[in-house]
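Visitor: The following block contains the structure, expressed as structure tokens.
Right, here's the structure in full:
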């Protein structure tokens, strides 16, 4: 069992804003190879650092810079580029991610003489992200649809089917001691609130226990222990833990009575059961009583087609790609990965997703030497890719009619997502569209730059075994590229 401990330290706002270093000047007579090689040199990147980089001129199609282009490296979240590109190309920009509630029985006089059947197909979007923080907005909308069907009572059960995905929900190559963190949330065909609880700890009077609340409000999780309120304005020190196979959370720590409430996130075990339990609770609050409780049950496609569709929620693919790449949301990537596996390789598992993405790359005639795909998000440190493959993928996507959808899914320098406070100089701000990547000792940055000089480049740069600042190396490379 692992523990999550959070200490918040006040820092003046001015110190939180990183100062963007100016793009290094290009020395007279210096070639592009020399200039771009400087940030990757051992004297700058570190003697133990392994790196690769490729730059392609999108107007000519020529590779204008190459450094260890065929060295297979751990790409971190740059794996999401493969997942999202495959999803867009194989599923199409009009693809809808759906969640359904079907009825198995007959509706008479406001009562369903039978069961409700909740079916998930891997949509990760059901949360407050698109609804002003209201985590159960979509569930209440589905309840309204059920009431329009004349249902105010269910004599049977709420059955839930998450069998569209199969296999492990937590990858064996993910950091086992970080299972409480939002970025390691279990993957499920039924997802709610990013498969996390949002926990709020509100101080009371000095000497009293702080108030603990969670979103969504649910009895699916239980809380043990307490957080004490102390006098003053000391930094909060709050922690919690749960066993891997349990949703009983133990909390401890202290919060000061003159400080605001503390908020954090904790993953849930068995997200599909979490979704179903919260849905049952929401239905009850909306006046739809379920007599028989909640139960998991798998159905065949033919069986599901025989049940009447009573409510559904759909999410569009472009919005899903945007969250995946701009915010680097791992759960979104893994859901897309498994959807690809289910639709293209016959199994919605980590293995199926890898097969589907490999097939996409092969059909696109992209180089795959050294490629190892273990997951869809890049959290596994056993993924391997060359920067030649990354840059070639970016070039391939730039030639497609739906390129704008792909490019718009990427973070924008100085503006959105993981690049909001990076590359803010005059030559890069609003001109770099890229996917960041970071895990322990690994950094990556790949995407597009539209330079002031009118050049359009696709670039990929990955560094492994970094001892110093990953960001300094990567941003130094792109800042230099911006001058050519």
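In the working numbering, the protein residues as written are 1395 to 1878. Don't be surprised by glycine CBs; every beta carbon is placed ideally from N, CA and C.
Give the secondary structure of residue 1523 by DSSP, where H, G and I count as helix, E and B as strand, and everything else as coil.
Guide: Position 129 of the chain shown, counted from the start, is the residue given in the question as residue 1523. Reduced to three states, the DSSP call for residue 1523 is coil.
Visitor: Can you tell me which of 1631, 1749, 1670, 1478 puts its alpha carbon nearest to the alpha carbon of residue 1620?
Guide: Translated into positions along the chain shown, residue 1620 becomes position 226. The shortest Cα separation from residue 1620 among 1631, 1749, 1670, 1478 belongs to 1631.
Visitor: What are the residues that DSSP puts in a beta bridge with residue 1453?
Guide: Mapped onto the chain shown, residue 1453 falls at position 59. Answer is none; residue 1453 lacks a bridge partner.
Visitor: With DSSP as the reference, label residue 1657 as helix, strand or coil.
Guide: Here the question's residue 1657 lines up with position 263 in the chain shown. Residue 1657: strand per DSSP, three-state reduction.
Visitor: Quick one, are the C-beta atoms of residue 1725 and residue 1579 less than 9 Å apart?
Guide: By one-based count along the chain shown, residue 1725 stands at place 331. By one-based count along the chain shown, residue 1579 stands at place 185. Yes, these two residues count as a Cβ contact at 9 Å.
Visitor: Determine the contact status of residue 1671 and residue 1732, defining contact as a CB-CB distance below 9 Å.
Guide: Residue 1671 sits at position 277 when you count from the first residue of the chain shown. Residue 1732 sits at position 338 when you count from the first residue of the chain shown. Taking 9 Å as the Cβ cut-off, residue 1671 and residue 1732 do not qualify as a contacting pair.
Visitor: Going by C-alpha distance, which of 1597, 1734, 1763, 1656 is nearest residue 1624?
Guide: Residue numbering aside, residue 1624 sits at position 230 when the chain shown is read from its first letter. The candidate whose alpha carbon is nearest that of residue 1624 is 1597.
Visitor: As an exercise, report each continuous beta strand (DSSP E) stretch of at least 3 residues that is fully enclosed by the segment 1647-1692, in chain order.
Guide: The segment 1647-1692 contains these whole beta strand (DSSP E) runs: 1656-1661, 1688-1690.
Visitor: Give me the Cβ distance between residue 1845 and residue 1825, rounded to the nearest whole Å; I'm assuming they're in contact under 8 Å.
Guide: For the purposes of this step, residue 1845 is taken as the residue at position 451 of the chain shown. For the purposes of this step, residue 1825 is taken as the residue at position 431 of the chain shown. With 8 Å as the limit, residue 1845 and residue 1825 qualify as a contact, their Cβ atoms being about 7 Å apart.
Visitor: Taking only the alpha-carbon atoms, compute the straight-line gap between residue 1898 and residue 1819 and give it to the nearest angstrom.
Guide: Outside the shown range of the chain, which is 1395 to 1878, sits residue 1898, and nothing can be said about it.
Visitor: Within 10 angstroms of its Cβ, does residue 1691 collect 16 or more other Cβ (buried), or is it exposed?
Guide: By 1-based counting over the chain shown, the position of residue 1691 is 297. Residue 1691 comes out exposed.
Visitor: Under the assumption that residue 1777 contacts residue 1768 (Cβ atoms under 8 Å), give the Cβ distance between them as a whole number of angstroms.
Guide: The sequence position of residue 1777 within the chain shown is 383, counting from 1. The sequence position of residue 1768 within the chain shown is 374, counting from 1. Right, the Cβ-Cβ distance comes to about 5 Å (below 8 Å), so this counts as a contact.
Visitor: Rounded to the nearest angstrom, what separates residue 1674 and residue 1499 at their Cα positions?
Guide: As a working note, residue 1674 is residue 280 in the chain shown. As a working note, residue 1499 is residue 105 in the chain shown. Cα to Cα, the separation comes out at about 18 Å.
Visitor: Please classify residue 1526 as buried or exposed, where buried requires at least 16 other C-beta atoms within 10 Å of its C-beta.
Guide: Along the chain shown, one-based indexing puts residue 1526 at 132. Its Cβ having fewer than 16 others within 10 Å, residue 1526 is exposed.
Visitor: Using the three-state DSSP reduction, which class does residue 1844 fall into: helix, strand or coil?
Guide: The count along the chain shown starts at 1 and reaches residue 1844 at position 450. Three-state result, residue 1844: strand.
Visitor: Can you have a look at residue 1714 and say buried or exposed, based on whether 16 or more other CB atoms are within 10 angstroms of its CB?
Guide: In the chain shown, the residue the question calls residue 1714 occupies position 320. Per the 10 Å Cβ criterion, buried.
Visitor: Going by CA-CA distance only, name the one from 1784, 1658, 1706 that's closest to residue 1491.
Guide: Taking the chain shown and counting its residues from 1, one reaches residue 1491 at position 97. Answer by Cα proximity: 1706.
Visitor: Taking the C-alpha atoms as reference points, what is the distance between residue 1473 and residue 1501?
Guide: In the chain shown, the residue the question calls residue 1473 occupies position 79. In the chain shown, the residue the question calls residue 1501 occupies position 107. Straight-line Cα distance between these residues: approximately 47 Å.
Visitor: From residue 1450 to residue 1588, what distance separates their C-alpha atoms?
Guide: Working through the chain shown from its first residue, we reach residue 1450 at position 56. Working through the chain shown from its first residue, we reach residue 1588 at position 194. C-alpha separation (whole angstroms): 36 Å.
Visitor: Look at the alpha carbon of residue 1458 and the alpha carbon of residue 1447, and state the distance between them as a whole number of angstroms.
Guide: Locating residue 1458 in the chain shown gives position 64, counting from the first residue. Locating residue 1447 in the chain shown gives position 53, counting from the first residue. Answer to the nearest angstrom: the Cα atoms are 11 Å apart.
Visitor: Please report the straight-line C-alpha distance between residue 1681 and residue 1548, rounded to a whole angstrom.
Guide: Here the question's residue 1681 lines up with position 287 in the chain shown. Here the question's residue 1548 lines up with position 154 in the chain shown. So the two alpha carbons sit approximately 11 Å from each other.
Visitor: Any heavy atom of the ligand ATP inside 8 Å of the beta-carbon of residue 1601?
Guide: Among the ligands in the structure shown, none appear at all, so the ligand ATP cannot be discussed.
Visitor: Provide the residue(s) that pair with residue 1829 in DSSP beta bridges, ordered along the chain.
Guide: Start at 1 with the first residue of the chain shown, and residue 1829 comes out as number 435. The partner list for residue 1829 (beta bridge, DSSP) reads 1840.
Visitor: Are the CB atoms of residue 1822 and residue 1433 within a distance shorter than 9 Å?
Guide: Against the chain shown, residue 1433 aligns to sequence position 39. Against the chain shown, residue 1822 aligns to sequence position 428. Contact flag unset, no.
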